[in-house]
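Just below is one structure, and these are the notes that go with it.
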Amino acid sequence: MHKLNTAFFRTAAIGLFLAATAALAHAQAQVVVKYSSWLPPTHWLNTTAVIPWMAEVEKATQGRVKIEMLPKTVGTAPTQFDVVRDGLADLGLIVTGYTPGRFELAEMGELPFLGEDPTIMSPAFDRVYRKHFASANEFRGVEVMSIFTIAPGHIFTSKKQIKTLDDLKGMKLRSASATGTRALTLLGAVPILKSSTEAFEMLSTGAIDGSLMLQETVKSTNSVGLLHYGLLVPGGLFNSSLAVIVNGDKWKAISPADQRAIMGVSGEALAAKIGRAYAAADQSSIDAMKEAKYVVERANPALTEGLRKAMSPIEDEWIAKAKKKGVADPAAALAEFRAAVQSR
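Numbering (the working numbering), first residue to last: 247 to 590.
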């Protein structure tokens, strides 16, 4: 009997040891990714796209990878790439245009007249960028979860409606990227490059006459009472490219199997989710502008053609920059993107 009891307790002890070891291994295997968001946690982009994606990552990896939002932003909106690359945070959302000249291939997503439907443009951009530009390694030091272009941008002003090209001359307008800055320069306006989070203060103090903005940004920056006129440009006067990135070392800490699981809910899938979120936010802002009695007009064919002609150098300049980065045929990549947008 004594021998049986000894054997029983030995077996039980081994079982408890193995269970504890397994639990410890599971705890050690979990990778926690810290997300620095320069947007408020309650911002619609977080609540409708990024946070649901975070949950999808945890589910896809069966809890082995968990993303947690930091209580405060690390750095500023323009410094998020460096913040993530340097490991001050593990995950971030970047607007590539906030650091002009750094992500020149991604500037394809900022070009004028790309299209109007972010639900199509966003995933198409991720696909085309990975196919044609990923090998250039613009995002060295981080892993790109998704890269996308969003809803088209237009011109919103506080004191007068834009009806002709001459109306733009000398106007101080906020720009969001190098491409937007170049567009305003070609149109004779005075560009001021600032992030969307800085737009409200500049508008409220009268430092600028208006801004290049997505329709959603008018509402999300609390600028509905500060801007009164909108000129909608068919295809967009500009656009923006954004990316969700993860620190390179943190990515390497995730097992290859879990990396594949994460990419299964990222890439085009995440871009499409964000595109849908932008489309909904645009509509919400349109409704708010209507309620505020905004004067919003679509550029007539003559004005649209004038804008196209004035800004025509932008596309050629981007193609030249892309060639210098080693892309053999950037015009073909742009044509492929436009074909994908127009085919839907």
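All C-beta atoms, glycine included, are put in the ideal place defined by N, C-alpha and C.
Residue i classed as buried or exposed, judged by whether at least 16 other C-beta atoms fall within 10 angstroms
| i | result |
| --- | --- |
| Ser442 | buried |
| Glu537 | exposed |
| Gln276 | exposed |
| Arg506 | exposed |
| Glu356 | buried |
| Ser392 | buried |
| Val541 | exposed |
| Arg386 | exposed |
| Thr467 | buried |
| Ala581 | exposed |
| Glu389 | buried |
| Asn292 | buried |
| Lys496 | buried |
| Asp533 | exposed |
| Phe263 | In this predicted model, Phe263 has a pLDDT of only 47, less than 50, meaning its place in the structure is not dependable enough to derive any value. |
| Pro547 | exposed |
| Asn383 | exposed |
| Leu381 | With the sequence shown as reference, residue 381 is identified as Ser, and Leu is not the correct amino acid for it. Ser381 is exposed by the Cβ-count criterion. |
| Ala579 | buried |
Sequence-distant residues of the same chain with beta carbon closer than 6 Å to residue i, five excluded per side
| i | result |
| --- | --- |
| Pro364 | Ile396, Ala397, Gly521, Tyr524, Ala525 |
| Asp504 | Thr307, Arg310, Val311 |
| Leu432 | Ala556, Met557 |
| Lys657 | A query on residue 657 cannot be resolved here, the shown segment of the chain reaching from 247 to 590 and no further. |
| Glu353 | Thr425, Trp564 |
| Phe371 | Gly355, Phe394, Thr395 |
| Leu270 | Only weak support exists for where Leu270 lies, its pLDDT of 42 falling under 50; the value from the coordinates is given anyway. Around Leu270: no qualifying Cβ. |
| Leu460 | Ala397, Gly399 |
| Met417 | Ala435, Asp455 |
Element boundaries [beta strand (DSSP E), containing residue i]
| i | result |
| --- | --- |
| Val390 | 388-395 |
| Met459 | 456-460 |
| Phe402 | 399-403 |
| Glu314 | 311-315 |
| Glu543 | 541-544 |
| Ser282 | 277-282 |
| Ala489 | 487-493 |
| Ile500 | First-last for Ile500: undefined, no H or E at that position. |
| Val470 | Counting along the chain, Val470 falls outside any beta strand (DSSP E), and DSSP gives it neither H nor E. |
| Lys418 | 418-421 |
| Ile438 | 436-439 |
Residue i, enclosing alpha helix (DSSP H) - first and last residue
| i | result |
| --- | --- |
| Ser530 | 513-537 |
| Tyr344 | Looking at the DSSP string, Tyr344 is not in any alpha helix (DSSP H), and its letter there is neither H nor E. |
| Gly476 | That residue, Gly476, is in no alpha helix (DSSP H); its beta strand (DSSP E) goes 475-478. |
| Ile560 | 559-570 |
| Met354 | Where Met354 is concerned, there is no enclosing alpha helix (DSSP H), given that its DSSP letter is neither H nor E. |
| Lys555 | 547-556 |
| Gln308 | Looking at the DSSP string, Gln308 is not in any alpha helix (DSSP H), and its letter there is neither H nor E. |
| Gln407 | Per DSSP, Gln407 belongs to no alpha helix (DSSP H) and is neither H nor E. |
| Ser589 | Neither: Ser589 is in no alpha helix (DSSP H) and is coded neither H nor E. |
Residue j beta carbon less than 8 Å from that of residue i
| i | j | result |
| --- | --- | --- |
| Tyr281 | Glu314 | yes |
| Ala527 | Glu462 | yes |
| Val303 | Val511 | yes |
| Val490 | Leu516 | yes |
| Lys465 | Ser404 | no |
| Ile560 | Arg348 | no |
| Phe379 | Val587 | no |
| Phe402 | Gly456 | yes |
| Leu411 | Ile454 | no |
| Trp284 | Gln326 | yes |
| Gln407 | Glu551 | no |
| Leu501 | Thr342 | Sequence check: residue 501 is Ser here, not Leu. No. |
| Pro346 | Ser423 | yes |
Beta-carbon separation (whole angstroms), residue i vs residue j, contact threshold 8 Å
| i | j | result |
| --- | --- | --- |
| Val320 | Phe583 | Wrong, their Cβ atoms sit about 32 Å apart, outside the cutoff. |
| Leu483 | Gly399 | 6 Å |
| Leu449 | Ser421 | With a Cβ gap of about 14 Å, Leu449 and Ser421 do not count as contacting. |
| Ala545 | Val479 | 5 Å |
| Gly481 | Leu360 | 6 Å |
| Gly471 | Met535 | With 8 Å as the limit, Gly471 and Met535 do not qualify as a contact, their Cβ atoms being about 11 Å apart. |
| Asp336 | Val279 | 4 Å |
Contact set for residue i: own chain, Cβ-Cβ below 8 Å, skip 5 residues either direction
| i | result |
| --- | --- |
| Ser368 | Phe394, Thr395, Ile396, Ala517, Ala518, Ile520, Gly521, Tyr524 |
| Thr322 | Trp284, Ser441 |
| Ile508 | Val303, Ala306, Thr307, Val311, Met391, Ile500 |
| Pro286 | Asn292 |
| Ile193 | Look at the range of the chain in this structure, 247 to 590, and you will see that residue 193 is not part of it. |
| Pro298 | Lys519 |
Contact set for residue i: own chain, Cβ-Cβ below 7 Å, skip 5 residues either direction
| i | result |
| --- | --- |
| Ala295 | Lys519, Ile520, Ala523 |
| Ala499 | Val277 |
| Lys570 | none |
| Leu414 | Ile408, Leu433, Gly434, Ala435 |
| Ala577 | Ile565 |
Closer than 7 Å: residue i CB and nearest the ligand ZN heavy atom
| i | result |
| --- | --- |
| Met459 | You won't find the ligand ZN in this model; it holds no ligand whatsoever. |
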